[in-house]
């Protein structure tokens, strides 16, 4: 309904002579209306005073009150403020939420169009860290947004199991540990081997040559090294699967770089034959993309080895072969790979590759202490973060529920741990670098998962206490400013989902969750929900509370966050 109201208001303003883009805003205070049109741009274009323009437009728009769409129109400084008919909006929104339930806010805009999403593409032989976790969170939400809007979604994973990082790890096992692999905590040990080996190799040129030799042996399937490669790779893959299960990641297909390197080299030869690629200095193979402002792309080293883009060319071809009807292929990686994908997409386009491709980048994740680096050994590991969050949330849950047993406390703390990690990593736009502050993330009073989840639990408790049927609601009973703000916020959900998908901005959803939860808490602190002496008022206010719970649950499900019945 809100979208229709906005369209009607825009039509009214256009009819009043507004000839600039009309952007409607929400006033900061409920007593200033529900929607506002800033007159600055229009006034500047016509050389008029914004406040005088607002007065004029308000008078024109107020004629007939927009055919019952709003109750009042007022000029407030340089703004035209619209006061909507609250009972009409409530009469539309609340029954809609009740009827549609978990489908409220989503549209059938995809009409079965196929989308392919690749994430999180971790490296074997290295630990899964907080940056990978951010990738997973973004990928999960993009998947949910598409699926819930009637797209046919396939998700794939690309495992980087080939390259210098693998050769360094194997060199470390052979030279620092005599080829012996421990039977317990092997994944953790592998990460330590990589860090230790990287430091030693950086200090000795001879070691670097040995690493290159190991890499060639992997490429040639040399029996001296291939068993160790496959054994250690399996350790990483088993760990990844465990993490993916914890985080709700679903993959329809998994691709391995080691299986694509050969085909990538063949594509390089095809590009040479087509004249798209050429030999550069010292025999390296390049594609000159200067005319597209994309510099020169290296697609094969002078020693004949491939680079990332070599295998990525083969990967794009393989995915297109497996999902030929996918309309769009989405890659989710760190911001630092943006230029790499621009070059890759342009080469594929020149190679007459027919599939729309999109790169979604994300920034670094830091702790307050500073930047992560797996080579330096101070990477923020997923397991370590999970352990710290769990310990803190377990104590918080104990303090809040001293009557709960240890098993119940741990169960709640585990669910909260996953919720906190997912929520915190999506509070900011994906392209921005962020700092993961554990104190802030676990704060029950701030912009956090516990704050939002607590509202759901509170409404659960209210619903259990009130023994009334939520039918035949009298929407004329909604007269409070806090009710107005809450109902308006509920009406915005579909628009939030739509813009989140349109812009791949998952932070819109976390912000919406917090704003909606805060609007409910403001309402709850000012007005009693349950009135023993007034059943009609109880029904109306409880219906509003239950609608809030439903929309919060819908939003949290998009974030793949499980709600808790009690906190």
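Numbering (my numbering), first residue to last: 28 to 594.
Backbone N, C-alpha and C fix where the C-beta goes; we use that ideal spot for every residue, glycine too.
{"Query": "Spatial distance of residue 76 from residue 52 (CA atoms)", "Result": "20 angstroms"}
{"Query": "Buried versus exposed call for residue 178 [16 or more other C-beta atoms within 10 Å across all chains shown]", "Result": "buried"}
{"Query": "Through-space distance from residue 254 to residue 262, alpha-carbon basis", "Result": "13 angstroms"}
{"Query": "Cβ pair count under 8 angstroms reaching 3, the stretch 170-190 against the stretch 119-135", "Result": "yes"}
{"Query": "Touching by the beta-carbon criterion (3+ pairs, under 8 angstroms), the stretch 229-239 and the stretch 277-296", "Result": "no"}
{"Query": "Distance, residue 31 Cα to residue 516 Cα", "Result": "15 angstroms"}
{"Query": "Distance, residue 496 Cα to residue 557 Cα", "Result": "13 angstroms"}
{"Query": "Inter-residue Cα distance where the pair is residue 346 and residue 494", "Result": "55 angstroms"}
{"Query": "Candidates 374, 387, 380, of which the one nearest residue 365 by Cα", "Result": "387"}
{"Query": "Buried/exposed call for residue 555, threshold 16 Cβ in 10 Å", "Result": "exposed"}
{"Query": "Residue of 143, 41, 192, 448 minimising C-alpha distance to residue 382", "Result": "143"}
{"Query": "Separation of residue 193 from residue 221, as counted between CA atoms", "Result": "8 angstroms"}
{"Query": "Boundaries of the alpha helix (DSSP H) in which residue 162 is found, first to last residue", "Result": "157-175"}
{"Query": "Residue from 457, 442, 550, 509 whose Cα sits closest to the Cα of residue 593", "Result": "442"}
{"Query": "Identity of the residues DSSP links to residue 314 by a beta bridge", "Result": "324"}
{"Query": "CB-CB length for residue 145 against residue 359, believed under 8 angstroms", "Result": "7 angstroms"}
{"Query": "Residues bridged to residue 77 [DSSP beta-bridge criterion]", "Result": "Beta-bridge pairing links residue 77 to no other residue."}
{"Query": "Stretch pair the stretch 446-460 + the stretch 150-170: three plus CB contacts closer than 8 angstroms", "Result": "yes"}
{"Query": "C-beta atoms of residue 551 and residue 485 nearer than 9 angstroms", "Result": "yes"}
{"Query": "Length of the line joining the Cα atoms of residue 168 and residue 268", "Result": "19 angstroms"}
{"Query": "6 angstroms Cβ shell around residue 571 - same chain, five flanking residues per side excluded", "Result": "none"}
{"Query": "Integer-rounded CB distance, given that residue 374 should sit under 8 angstroms from residue 340", "Result": "7 angstroms"}
{"Query": "According to DSSP, residues forming a beta bridge with residue 507", "Result": "Paired residues: none, contrary to the question."}
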